[in-house]
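This report concerns only the one structure given below.
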Amino acid sequence: METKEQIVLKAIQDLIMHREKRRNDPTDPLITTTDTLKQEWTLTQLHILSMIQANPNESNNTFLSQQLKLSKPAITKAVKKLIEKGMVDYCHRQGDKKSVYYSLTEEGKQLAALHDELHEKSSHVLFRISSAVS
């Protein structure tokens, strides 16, 4: 009878083997997409896109800083590149010229959806591992 530790170790080994097999397959769209994301975008930028998509009416520097637990300058730097690359637009609200609010462009929405999809797939893998322990 296998112990919980052995079950977890086997699940992790299976995950690593499965990932390596996929990584060596140049036709696998998930691997190609993930590699492209890593080359072009930081995790912070991807999380910002996802946060803006989930909270379109609240997304300013203060909100993003609080939600992502990052400094406002870090948010500003990440958002600046997203704006330059055409992923994010910004505007001032009527009566509030100080605060800048962000929204996603169509390309930004697609990238945010892709990021969320990859998160979902990762969650399923972690769920399978945790189920093996239970």
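All residue numbers for the sequence shown refer to my numbering, where the first residue is 782 and numbers rise by one. Heads up, the beta-carbon is just placed ideally off N, CA and C, and yes, glycines get one too.
Can you tell me the Cα-Cα spacing of Asn836 and Leu907, whole angstroms? 26 Å
Output the distance between the C-alpha atoms of Lys879 and Thr886, rounded to the nearest integer angstrom. 22 Å
Under DSSP, the beta strand (DSSP E) around Ser884 begins and ends at which residues? 877-885
Do three or more CB pairs link the segment 867-878 to the segment 845-856 at distances below 8 Å? no
What's the gap between the Cα of Glu888 and the Cα of Lys858? 19 Å
Environment of Met832 [buried if 16+ CB atoms lie within 10 Å]: buried
To the nearest angstrom, report how far apart Ile856 and Gly867 are at their CA atoms. 16 Å
Relative to the alpha-carbon of His873, which residue among Ile864, Ile788, Tyr883 has its alpha-carbon at the smallest distance? Tyr883
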